[in-house]
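Asker: Using this note's numbering, read the sequence shown as starting at 9 and increasing by one per residue.
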Amino acid sequence: MSTRKAWRGWVVAVLLVGLPTAVACAAPPAPAELAPSDASVYVGWTESPQGWEILRLASAAMSAPLVRDEMLDGDDAISRGFGLLDQITRYNGALGIFGGAGAAGQPMEFDYGLVVAAGAESGKLAAAMRDYLAALLPELSPDEQVIDGATFSRLRQPDQERVTLWAAHGEAFVLAGSEAAAKRLVGRLAGARPAISDNPHYRDAMQRIEPAPRGWSLTALVDMKLYADFLRGIAAASDEPVPVDALLAAFGLDKIPYMAIHADEVDYGLRVSSYTPLGGNGLLDRFMRQAPLTDADIAVVPKDAYLAMITNLDLVPTWEAVMTAVGEVDPGVRAQIEGAIAAAAQPLGFSLTGDLLPALGDTWVIYDAPSHAGLLFTGIVLVADVKDREKLEGMLARTVELFGQLAGGSPAKIELKKGRFGGREVSYVLIGGLPVPVAPAWGFVDGRWVFSLFPQTVALAMDQADAAARKDSLLDNADFKAARPLLPSPAVGVYYADAQAGARTWYGLALLARTLVASLSADSPQPFDLASVPPFPKSRTATHRAMVSVNAATPDGVLGRSVGLSAPAILMAETGLALPALATSITLPAFSQARGTAKRAVTLSNLRQVGMGLLMYAMDHDGRFPPTLETLVEANIVEAKVLRSLGPPGRPFSYIAGQSADTTDARDVLAYELRPDEYGASVLFADGHVEWLSLPAARGAIRETYRKLGRESELPAELDD
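(1) Within this structure, are the beta carbons of Val330 and Leu364 separated by less than 8 Å?
(2) Among residues of its own chain, excluding the 5 on either side of Arg211, which ones have a beta-carbon nearer than 8 Å to its beta-carbon?
(3) Spatial neighbours of Asp231 within its chain, please: CB distance less than 6 Å, with the 5 preceding and 5 following residues excluded, ordered by chain position.
(4) Nearest to Thr371 by CA position, among Asn100, Ala257, Glu179 and Ile306, is which residue?
(5) Run through DSSP, which three-state label would Pro339 get?
(6) Lys421 lies in the beta strand (DSSP E); which residues open and close that run?
(7) Could you please give the first and the last residue of the uninterrupted alpha helix (DSSP H) stretch that includes Asp253?
(8) Straight-line CA distance for Asp156 to Val194?
(9) Quick check on the burial criterion: 16 or more other C-beta atoms within 10 angstroms. Buried or exposed for Tyr687?
(10) Please check the pair Leu612 and Gly666, which I expect to be a contact at CB under 8 Å, by giving their CB distance rounded to whole angstroms.
(11) Output the distance between the C-alpha atoms of Met403 and Glu433, rounded to the nearest integer angstrom.
(12) Along the beta strand (DSSP E) that carries Thr672, what are the first and last residues, could you check?
(13) Identify, in the order they occur along the chain, each residue of the same chain with its Cβ nearer than 8 Å to the Cβ of Val334, setting aside the five sequence neighbours on each side.
(14) Considering only C-alpha positions, which residue in the set Pro498, Gly121, Ala626 and Leu651 is nearest to Ala189?
(15) Measuring alpha carbon to alpha carbon, tell me which of Pro251, Leu356 and Ser557 ends up nearest Pro498.
(16) Assuming Ser379 and Pro445 form a contact by the criterion Cβ under 8 Å, report the distance between their Cβ atoms to the nearest whole angstrom.
(17) Pull up the CB-CB distance for Ala505 and Leu315, whole angstroms please, since I reckon it's below 8 Å.
(18) Would you kindly check if the distance between the Cβ of Arg192 and the Cβ of Phe118 is under 8 Å?
(19) Quick check on the DSSP output: the beta strand (DSSP E) that includes His270 runs from which residue to which?
(20) With distances taken Cα to Cα, identify the nearest neighbour of Asn207 among Ala706, Asp46, Leu133 and Leu278.
(21) Excluding the 5 residues flanking Gly568 on each side, which residues of the same chain have their C-beta closer than 6 Å to its C-beta?
(22) Any contact between the region 211 to 230 and the region 270 to 282? By contact I mean 3 or more CB pairs, one from each, below 8 Å.
(23) Are the beta-carbon atoms belonging to Leu148 and Arg162 less than 8 Å from one another?
(24) Grab me the residues of Val541's own chain with a C-beta within less than 6 Å of its C-beta, minus the 5 sequence neighbours each way, in chain order.
(25) May I have the straight-line CA-CA distance separating Ala350 from Leu400, to the nearest angstrom?
(26) Helix, strand or coil: how does DSSP classify Gln215 here?
(27) I'd like the span of the alpha helix (DSSP H) that includes Tyr50, first residue to last.
(28) For the ligand PLP, I want to know if Met624 counts as a neighbour, meaning its beta carbon is within less than 7 Å of at least one of the ligand's heavy atoms.
(29) With 16 as the cutoff for other CB atoms within 10 Å, does Ser481 come out buried or exposed?
(30) Can you tell me which of the three DSSP states Phe358 falls into?
(31) In this structure, does DSSP put Ala316 in helix, strand or coil?
(32) So, is Arg1 buried or exposed, given that buried needs 16 or more other C-beta atoms within 10 angstroms?
(33) Around the C-beta of Ala491, are 16 or more other C-beta atoms found within 10 angstroms, so that it is buried, or is it exposed?
(34) Excluding sequence positions up to five away, which residues of its chain have a Cβ less than 8 Å from the Cβ of Arg715?
(35) Could you please give the first and the last residue of the uninterrupted beta strand (DSSP E) stretch that includes Ile388?
(36) Can you give me the start and stop residues for the beta strand (DSSP E) that Leu125 sits inside?
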């Protein structure tokens, strides 16, 4: 495959993922008015008049002569694609993904439609789309198709299931993956179809989330029925029975009508809210119905923490709920798990479920703080409530003893030691004889168990966990105090991350990337201006406040809310790639990839049935395989539908005739299907097994089979690189 063709496939993936990623900030029509109400997945965003810097960086880098001419063979499609994305980010828009039932025994089909309210600029977006596709696929020419009064440009690639349709229609730019999707969008723009704002799930979610009245926003809504149907479609295509309905019921997913996420801006900073209705006794419902956290639970975290997670989780009822769910799906699996736990009790000297879980409480805290002087993860501390300290101490000692016995005969000498560190009694494990740089340690204070990788860290954490000894805590942190009134209560989970802790590091990394692109693109038509990058004190990251988020259980569901930015999000914010890009880039590829994986599974299943049929035929015909695959249908060995792939519809598997079961080797190829668009192939071997191989590996195996048969002159043209 040429470099140019390889890059084309990559660019198509980028555009399919990135095009609907255009995000931004308020102006009629609202995003929820653009998408049809029957979208199974909806993502809507408001305009960002300045666009996103990450897209300008990418466009400049791809247009640089070194990249364009040396790496892309002069192909400027990637640069044009990012330029198109940069234009789209400047307007309100909406993405809809529509799910539909596939044929019997096949996975669901998915479609998409994108509307961008670009007003008078819609024609420019349509022209940019045309120019991008012309650069990407110069050998193809679009034609026109009129759909419900709207004139679309249409591009259909050979042997592809879908078309690409786009148009400047009225005050909007419209992009669709099929005629059916285009009809939906045109009907919505004409007012003939209800909008997502009329969808009862959307209205319920927005009522509970209470979006900010103005400013930038992003909203995502997922119909969970689509998810359930999607799983059922995969199960129907599987060779083995999958108890999908039992799984859905066990987790409570059959009672969840939708999931919603909304991001907007408040005075504190970025705010992200989510809501999931819960309506049953499934595992998810039981998992979230925990006792609310108290200030005493939060106070075990130091004021200067880098990060913290505080949550309530009662392990005994949670484990019982898990085992109940497993038993409802497959009683045999539950019996195996319980048998394994019972078997482990003998060497351990205690039961994991009967002794360990009841000894622990329901509050769990993980944090790291600079006052511990840890390096990267080495300062992380775990604090847990304890119901039976004596029993837990005994089980910890027994565990260390057991590891010491297992290490017998090796250079390692594992010892449990006790010492006083900073006035605190701490137990720790010293692994002698080997260069082990940590000494796992723990201590008990104020009804809590404190664990870390060093006894010194445990001693400091015990001071913090001791209500009588601590001086201040996360409750006294200025950002935490400012954020807390913006979050729902009572919370069953609280999460904190100090944005400034990593701001300078992320800014430095981003500055390296920006300078690299500025240098690389200096002689390109679209150079990146390094002067547009402000010094750190005036950068966006310098003003970000800490991220604080909570999960709160309501009578009807779970409301999650986060304000501020965490350190990992700083780089995205610094380059303009914040939550909208993340959310939409996750949504579309997830469905697209899952759909492709499901189709591949069905194709492999069909090919496996073909293999069984070939072996059955050979048993009745002195080891000879049939002259064609259709012979298997004529002999009533297989059904005609299994002779075809779920790739381009109607395409049969390629078959290498003239072989015999008595003379072939296990790795000789009988039938196959090449999928260059997925950079792989489904291959049936002579012993009946099926594999998904990379294109080079598949082509090599097929060529070797023809070579052994002495028929290299018959090699199909599709085997050419």
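By construction, the Cβ of each residue, glycine as well, lies at the ideal position given by its N, Cα and C atoms.
Answerer: Quick look at the numbers:
(1) Against the sequence shown, residue 330 aligns to sequence position 322. Against the sequence shown, residue 364 aligns to sequence position 356. No; because the gap between Cβ atoms is not below 8 Å, this pair is not in contact.
(2) The count along the sequence shown starts at 1 and reaches residue 211 at position 203. Short of 8 Å from the beta carbon of Arg211, and not among the five residues preceding or following it, lie these beta carbons of its own chain, in chain order: Ser205.
(3) Position 223 of the sequence shown, counted from the start, is the residue given in the question as residue 231. Excluding positions up to five away in sequence, the list reads Ser48 and Tyr266.
(4) What you label residue 371 is simply residue 363 of the sequence shown in a count that begins at 1. Looking at the Cα atoms, Ile306 is the closest of the given residues.
(5) Sequence index remark: in the sequence shown, residue 339 carries index 331 (1-based). Helix, per DSSP.
(6) Here the question's residue 421 lines up with position 413 in the sequence shown. DSSP places Lys421 inside the beta strand (DSSP E), whose first and last residues are Lys421 to Phe429.
(7) The residue given as residue 253 occupies position 245 in the sequence shown. Here the alpha helix (DSSP H) through Asp253 covers Val252 to Phe259.
(8) On the sequence shown, position 148 is the one that residue 156 refers to. On the sequence shown, position 186 is the one that residue 194 refers to. Whole-angstrom Cα-Cα distance: 7 Å.
(9) The residue given as residue 687 occupies position 679 in the sequence shown. With fewer than 16 Cβ atoms within 10 Å of its Cβ, Tyr687 is classed as exposed.
(10) Position 604 of the sequence shown holds residue 612. Position 658 of the sequence shown holds residue 666. About 24 Å separates the Cβ atoms of Leu612 and Gly666, ruling out a contact at the 8 Å cut-off.
(11) As a working note, residue 403 is residue 395 in the sequence shown. As a working note, residue 433 is residue 425 in the sequence shown. Met403 and Glu433: Cα-Cα distance of roughly 18 Å.
(12) Numbered from 1 along the sequence shown, position 664 holds the residue referred to as residue 672. Secondary structure note for Thr672: it is in no beta strand (DSSP E), with a DSSP letter that is neither H nor E.
(13) Taking the sequence shown and counting its residues from 1, one reaches residue 334 at position 326. Residues of the same chain with a CB within less than 8 Å of the CB of Val334, apart from the 5 flanking positions on each side, are Ala258, Val341, Arg342 and Ile345 in chain order.
(14) Residue mapping note: residue 189 aligns to position 181 of the sequence shown, counting from 1. Closest in C-alpha terms to Ala189, from the list Pro498, Gly121, Ala626 and Leu651, comes Gly121.
(15) Along the sequence shown, read from residue 1 onward, the residue named residue 498 stands at position 490. Measuring from the Cα of Pro498, the nearest candidate turns out to be Ser557.
(16) Counting from 1 along the sequence shown, the entry for residue 379 is found at position 371. Counting from 1 along the sequence shown, the entry for residue 445 is found at position 437. Not really, about 21 Å apart at Cβ, beyond 8 Å.
(17) Taking the sequence shown and counting its residues from 1, one reaches residue 505 at position 497. Taking the sequence shown and counting its residues from 1, one reaches residue 315 at position 307. Yes, Ala505 and Leu315 are in contact; Cβ-Cβ is about 5 Å, under 8 Å.
(18) Here residue 118 refers to the residue found at position 110 when the sequence shown is read from its first residue. Here residue 192 refers to the residue found at position 184 when the sequence shown is read from its first residue. No.
(19) Here the question's residue 270 lines up with position 262 in the sequence shown. Unbroken beta strand (DSSP E) run through His270: Tyr266 to Val274.
(20) Locating residue 207 in the sequence shown gives position 199, counting from the first residue. Comparing Cα-Cα distances from Asn207 to each of Ala706, Asp46, Leu133 and Leu278, the minimum goes to Asp46.
(21) As a working note, residue 568 is residue 560 in the sequence shown. Only Ser282 and Asn559 meet the Cβ criterion.
(22) The count of Cβ pairs closer than 8 Å, one atom from the region 211 to 230 and one from the region 270 to 282, reaches three, so the stretches are in contact.
(23) Taking the sequence shown and counting its residues from 1, one reaches residue 148 at position 140. Taking the sequence shown and counting its residues from 1, one reaches residue 162 at position 154. Going by C-beta atoms, Leu148 is not nearer than 8 Å to Arg162.
(24) Numbered from its first residue, the sequence shown carries residue 541 at position 533. Once the five neighbours on either side are set aside, the close Cβ partners of Val541 are Arg522.
(25) Position 342 of the sequence shown holds residue 350. Position 392 of the sequence shown holds residue 400. Going by the C-alpha atoms only, they are around 19 Å apart.
(26) Along the sequence shown, read from residue 1 onward, the residue named residue 215 stands at position 207. Looking at Gln215 - three-state DSSP - the assignment turns out to be helix.
(27) Locating residue 50 in the sequence shown gives position 42, counting from the first residue. Note, Tyr50: premise wrong, no alpha helix (DSSP H); beta strand (DSSP E) at Val49 to Trp53.
(28) As for the ligand PLP, it is missing from this structure, which has no ligand bound.
(29) What you label residue 481 is simply residue 473 of the sequence shown in a count that begins at 1. It counts as buried.
(30) Mapped onto the sequence shown, residue 358 falls at position 350. Phe358: coil per DSSP, three-state reduction.
(31) If you number the sequence shown from 1, residue 316 lands on position 308. Note: Ala316 maps to strand in three-state DSSP.
(32) In the structure as shown, the chain begins at 9 and stops at 729. Residue 1 is therefore absent and cannot be evaluated.
(33) By 1-based counting over the sequence shown, the position of residue 491 is 483. With 16 or more Cβ atoms within 10 Å of its Cβ, Ala491 is classed as buried.
(34) Counting from 1 along the sequence shown, the entry for residue 715 is found at position 707. Excluding positions up to five away in sequence, the list is empty.
(35) Here residue 388 refers to the residue found at position 380 of the sequence shown. First-last for Ile388: undefined, no H or E at that position.
(36) By one-based count along the sequence shown, residue 125 stands at place 117. First, the amino acid is wrong: residue 125 is Ala here, not Leu. Glu117 to Ala125 is the span of the beta strand (DSSP E), which, as asked, contains Ala125.
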